[in-house]
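Visitor: Quick note: the sequence shown uses UniProt numbering, first residue 1, plus one each step.
Every residue gets a Cβ at the ideal spot worked out from N, C-alpha and C, and that includes glycine.
Below you'll find the structure I mean.
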Amino acid sequence: MSLVQVLHTDTLVNRPQPNTPSKVFQTTGDGPPSMSGTCGCCLDGVMFIFGGCDDNGQTNELYSVDLNDGTFTWKKIVPVSGSPPSPRDKLSCWLYAGKMVFFGGYGHKVLSDLNSSSRNFIVDETSWAGELFWGWNNEVHIFDPKLLSWSRPQTHGRAPAPRAAHASASIGSKGYVCGGRVMETRTSDIHCLDLDSWTWTELAPSSAAPVGRSWHSLSPVSDHSLFLFGGLSVDCSPMSDGWLFDTDTRKWTQVEHPFKNKPRLWHTACPGSDSDVIVFGGSCDYILLVDTGHCNDALVFQTQPYPLSSVDRVSERVESHIVITSTPG
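Set out below in structure tokens:
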């Protein structure tokens, strides 16, 4: 049995919400098994889940569930054409022009596939079994849900190093990748993929940048800015810092917020309706060492003053309303 939990966000205003209004729906159909490190997105009210890791290892299966029809019936998608990515977890995706664009991740390939993908795949020298080799990749794959087809575009420019547990977001026709684990290191570099020309560009920062990290989140908050939150640092410490990145000036700005005592990693985040960002779930511990700090509260980060209509809508339901402010440097 699978469950879908729908979070109601109209009552949230920049404070932790341990009892955020939500509904849990029982689902039916051919649903995914219990997994971690999956990649999800929602297109026209249909949620898609790809990849992840279960008790049997990484997978490359794709599932969907319609959140609008009231039946919440899962479907396992069988592609009509093209080849899906190799099994992987800790990848990311963008939505563009009605298609899903997947990037990176950690998983396995057979030996015969490694010869043709040496620049796109770094072998994890600690993980192999027979003809299977695990590692990190920087591949780009496209799934068209209307045609049920997989394809792989020819990209140009210098691609990011193969990585997993990175964060990604899109603004218009641009997809952004930030940080993640590259072999034994964690980075904070940021790259842009033009989703029309399929050209990669590394965005060298014009200011001090966040420390390297993985398992963080990146969310669009305007037509030229991204909000980064949390993650696992280079010394494996859970983090609670927030940063804004201006895609025009390439400047990072650390922001003040009320959740400095709430570190998060492997959480989810999405933009709200008023330039805010909603963070949900995740862990407050380094989950590979201490797997007890699972979180079920929602944190709301306000990046701009709320319009009066939004303040009026929630003023009777909240006690306070805190604005993020920028810290120079």
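Look up H113 in the DSSP assignment and say whether it is helix, strand or coil.
Guide: The amino acid at residue 113 is misidentified as His; the sequence shows Asp. The answer is helix: DSSP assigns D113 an H, G or I state.
Visitor: My output table needs one value for V80: the three-state DSSP class, helix, strand or coil.
Guide: coil
Visitor: Among L228, I287, D285, L289, whose alpha-carbon lies nearest the alpha-carbon of P271?
Guide: L228
Visitor: What span of residues does the beta strand (DSSP E) with W136 cover, start to end?
Guide: Bounds of the beta strand (DSSP E) holding W136 are 132 to 144.
Visitor: Output the distance between the C-alpha atoms of D55 and S34, rounded to the nearest integer angstrom.
Guide: 9 Å
Visitor: Rounded to whole angstroms, what's the CA-CA distance from L193 to T247? Just pull it up for me.
Guide: 12 Å
Visitor: Using 6 Å as the cut-off, classify the Cβ of S206 as near or not near the heavy atoms of the ligand GTP, replying yes or no.
Guide: Within the structure as shown, the ligand GTP is missing, as the structure has no ligands at all.
Visitor: What's the gap between the Cα of L91 and the Cα of P305?
Guide: Roughly 33 Å between the two C-alpha positions.
Visitor: Comparing C-alpha positions only, which one of G281, G157, F301 sits nearest to residue 418?
Guide: Nothing about residue 418 can be read from this structure; the chain reaches only from 1 to 329.
Visitor: Do P160 and V177 have their CB atoms nearer than 7 Å?
Guide: yes
Visitor: Compare the Cα-Cα distances from N138 to each of F25, D196, K76, F121 and report the closest residue.
Guide: F121
Visitor: What number of angstroms, rounded off, separates the C-alpha of K23 from the C-alpha of S173?
Guide: For K23 and S173, the distance between alpha carbons rounds to 34 Å.
Visitor: Quick check on the burial criterion: 16 or more other C-beta atoms within 10 angstroms. Buried or exposed for G37?
Guide: buried
Visitor: Determine whether the beta carbon atoms of G175 and H166 lie at a separation below 7 Å.
Guide: no
Visitor: What alpha helix (DSSP H) runs, 4 residues minimum, are completely inside the region 254 to 314?
Guide: 308 to 314
Visitor: Let's see if you can read the secondary structure: which residues bound the beta strand (DSSP E) around A167?
Guide: Under the DSSP assignment, A167 falls in the beta strand (DSSP E) whose first and last residues are 167 to 171.
Visitor: Using the rule of at least 16 other Cβ atoms within 10 Å of the residue's Cβ for burial, across every protein chain shown, is K146 buried or exposed?
Guide: exposed
Visitor: What does the alpha-carbon distance come out to for the pair G52 and A208?
Guide: 33 Å
Visitor: Taking only the alpha-carbon atoms, compute the straight-line gap between V101 and G107 and give it to the nearest angstrom.
Guide: Whole-angstrom Cα-Cα distance: 18 Å.
Visitor: Residues in the same chain with beta-carbon distance under 8 Å from V80, minus the five sequence neighbours each way, listed in chain order, please.
Guide: L147, L148, S149
Visitor: Assign H156 to one of three DSSP states: helix, strand, or coil.
Guide: strand
Visitor: DSSP three-state label for F121, please.
Guide: Look at F121 here: in three-state DSSP terms it is strand.
Visitor: Leaving aside the five residues before and after D223 along the sequence, list all residues of the same chain whose C-beta is less than 8 Å from its C-beta, in chain order.
Guide: I171, G172
Visitor: Going by Cα to Cα distance, which pick from R186, I190, R88 is closest to R158?
Guide: I190
Visitor: Could you pull out every residue in the same chain whose Cβ sits closer than 6 Å to the Cβ of W215, ignoring the five residues on either side in sequence?
Guide: A165, G231, L232, L265, W266
Visitor: Give me the Cα-Cα distance between P328 and F245, rounded to the nearest whole angstrom.
Guide: Residue placement at P328 cannot be trusted, given a pLDDT of 37 that sits under 50; the coordinates are not used to answer.
Visitor: DSSP beta-bridge partners for T28?
Guide: T73
Visitor: Here's a check: name, in chain order, each residue in its chain whose Cβ is nearer than 6 Å to the Cβ of W134, leaving out the five neighbours to either side.
Guide: H108, D124, S127
Visitor: Counting only the same chain and skipping the five closest in sequence on each side, list residues whose C-beta sits under 8 Å from that of S197.
Guide: The beta carbon of S197 sits closer than 8 Å to the beta carbons of H156 from its chain, once the five residues preceding and following it are set aside; these are given in chain order.
Visitor: Just the C-alpha distance for K251 and G29, rounded to the nearest angstrom, thanks.
Guide: 47 Å
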